[in-house]
Each structure stands twice: as C-alpha cells, then as structure tokens.
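Right, one structure below, let's go through it.
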Amino acid sequence: MKTTLFTIIFVLVSITGFSQSNEYYQAMGESLGGYANCKSGDDFRALGNQFERIAQAEADQWLPLYYHAHCNIIAAFIETDPAKKDAILDIAEKSMNRAIELAPNDADAHALHAMFYTARLVVNPMERGQKFGMLSGQAAGKALALDSTNPRARLINLQNEMGTAQFYGKDTSVYCDEARKLLSEWDNFKAKSPLHPNWGKDQAAGIVESCK
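Going letter by letter, the sequence shown gives residues 441 to 652 in the numbering used here.
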C-alpha cells in the first residue's frame with residue numbers, strides 16, 4: 441500500500457512538473473515571437489512586461505529576466521528624454537542583476553550587461569563616457585572571456601570600440617574587416633536552446649553595410 445501510494449505521488453509530481461515546463465516553454469515561445477511586432481519603445485516595454493510575468497512565475501529561470509531587461513534596454517535607446525531613459529534603465533537593471541546572479545557564467549548575460557552600461561552612457565556621453573564606457577568594456581570582456589565565439593559578445597565589443605573611435609573623431613573603417621569576419625561566422629554559433637538569445641545578426645549586417 442505504501443509503495444502504491446508513493447508511486448501515485450511520484451507520478452502526480454512528475455505530471456505537474458512536466459505541465460509547468462510545457463507552460464513555461466509555450467509562454468516563452470509566444471513572447472519571443474512578439475519581438476517581430478515591436479516597432480516603438482512602448483511596444484518593447486509591453487513585451488518586457490510579458491517576460492516579467494513569466495519571470496515572476498518561474499523564479500529559478502534567468503532567461504525571462506534577461507529578455508525583460510533586453511526589452512527595456514532597447515526601449516531606453518529609443519526614448520529621447522534623458523530622465524525617462526534612466527527610469528527605464530532602472531527597471532532593466534533589477535532584472536539584469538538577477539539574471540547574472542542566476543547565470544553568472546553565461547556569456548550572453550554579461551554581453552547584455554555591457555549593452556546596459558552603454559545605454560546608461562548615451563544618456564549623457566560627456567558626463568558618463570569614462571565611467572560607463574569602462575564598465576561596458578569590462579562586461580564585454582567578461583563575456584568574451586567566458587565564450588570568445590559568442591556573436592553578441594563580439595558584436596557589443598565591436599560596437600563599443602567603434603563608438604569610442606567615433607567619439608574621439610577617429611576613423612572607424614579600421615573595424616570593417618572585424619565586422620565582416622563577425623558576420624561571416626555568425627551562424628557558426630549554435631544557441632543552447634530555442635529560448636536562448638539569438639539576436640544581433642541584423643546589427644552586424646548593418647555595420648558591414650555601412651563599410652561599403
């Protein structure tokens with residue numbers, strides 16, 4: 441009788457876990473599909489809210505937090521009001537930090553951290569350039585140290601270098617070969633799962649196009 445009861449409990453727990461896992465993957469898949477429909481900062485923030493709800497339901501998963509931060513970072517880049525930019529980034533920062541706590545050795549988490557610091561920098565480049573430029577560079581370096589083949593880590597590092605060169609009035613064409621190499625190798629990198637970050641190729645292509 442005890443064995444039968446234990447078996448029933450085990451099966452019920454397994455079914456519940458399987459169901460929750462399916463719900464998580466379904467919710468994430470639907471939300472990731474929403475990126476294609478985002479045109480404005482408000483769109484990205486609304487999509488970010490979807491990921492935030494998933495993160496609240498799945499406290500041990502870092503990817504919903506990553507995408508919540510990612511959506512808000514993009515929204516901050518789109519926003520033109522400096523104070524609003526910072527307010528949006530304040531929202532992103534909480535999820536960003538928690539994602540890194542859950543996935544401290546994932547290159548994509550640190551690459552996004554570099555992107556976050558760059559977003560802070562562009563709010564006021566003259567006042568923030570030195571501090572946040574250094575922080576962004578350190579985060580990108582951490583990402584590359586964890587995985588030198590990660591295309592988003594390579595992209596953000598390249599964007600940082602080009603941005604710094606442009607800020608100081610230097611020629612950015614010296615980075616064109618690196619951009620072409622990045623784009624040609626982009627598809628060699630295989631994401632760990634369909635839910636893992638896979639964005640950025642269009643940005644790399646944009647850099648290459650600007651080199652022509």
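Just so it is clear, CB atoms sit at the ideal spot from N, CA and C, and this is done for glycine as well.
Source: prediction; values computed, not measured.
Relative to the C-alpha of His553, which residue among Tyr475, Ser535, Gly640, Asn564 is closest? As a working mapping, residue 553 is identified with position 113 in the sequence shown. Comparing Cα positions, the closest option is Ser535.
Taking DSSP as the reference, what is the three-state secondary structure of Trp502? Taking the sequence shown and counting its residues from 1, the one referred to as residue 502 is at position 62. Reduced to three states, the DSSP call for Trp502 is coil.
Can you tell me the Cα-Cα spacing of Asn628 and Arg538, whole angstroms? Here residue 628 is taken as the residue at index 188 of the sequence shown, counted from 1. Here residue 538 is taken as the residue at index 98 of the sequence shown, counted from 1. So the alpha carbons of these two residues sit roughly 29 Å apart.
8 Å contact criterion, which Tyr615 and Leu595 should meet: CB distance rounded: The residue given as residue 615 occupies position 175 in the sequence shown. The residue given as residue 595 occupies position 155 in the sequence shown. Actually they are not in contact, since the Cβ atoms of Tyr615 and Leu595 sit about 12 Å apart, beyond 8 Å.
Just to confirm before moving on: does the CB-CB distance between Ala547 and Ala583 stay below 8 Å? Position 107 of the sequence shown, counted from the first residue, corresponds to residue 547. Position 143 of the sequence shown, counted from the first residue, corresponds to residue 583. Result yes, Cβ atoms of Ala547 and Ala583 sit closer than 8 Å.
Can you give me the C-alpha to C-alpha distance between Pro634 and Glu470, rounded to a whole angstrom? For the purposes of this step, residue 634 is identified with residue 194 of the sequence shown, where counting begins at 1. For the purposes of this step, residue 470 is identified with residue 30 of the sequence shown, where counting begins at 1. Those two C-alpha atoms are separated by around 12 Å.
Own chain partners of Gln501 with C-beta closer than 8 Å, once the 5 adjacent residues on each side are dropped: Position 61 of the sequence shown, counted from the start, is the residue given in the question as residue 501. Here the set comprises Tyr464, Ile494, Ala495, Leu542.
Could you check the C-alpha separation between Asn638 and Lys571 for me, to the nearest Å? Along the sequence shown, read from residue 1 onward, the residue named residue 638 stands at position 198. Along the sequence shown, read from residue 1 onward, the residue named residue 571 stands at position 131. So the two alpha carbons sit approximately 29 Å from each other.
Where Phe491 falls, given that 16 or more other Cβ within 10 Å makes a residue buried: Taking the first residue of the sequence shown as 1, we reach residue 491 at position 51. Phe491 is buried by the Cβ-count criterion.
Which of helix, strand or coil DSSP assigns to Ser461: Counted from its first residue, the sequence shown places residue 461 at position 21. Looking at Ser461 - three-state DSSP - the assignment turns out to be helix.
Quick one: measure Cβ to Cβ for Ile518 and Gly481, integer angstroms, because I've assumed they're closer than 8 Å. To locate residue 518, count along the sequence shown from 1; it is residue 78. To locate residue 481, count along the sequence shown from 1; it is residue 41. So it is a contact: roughly 4 Å between Cβ atoms.
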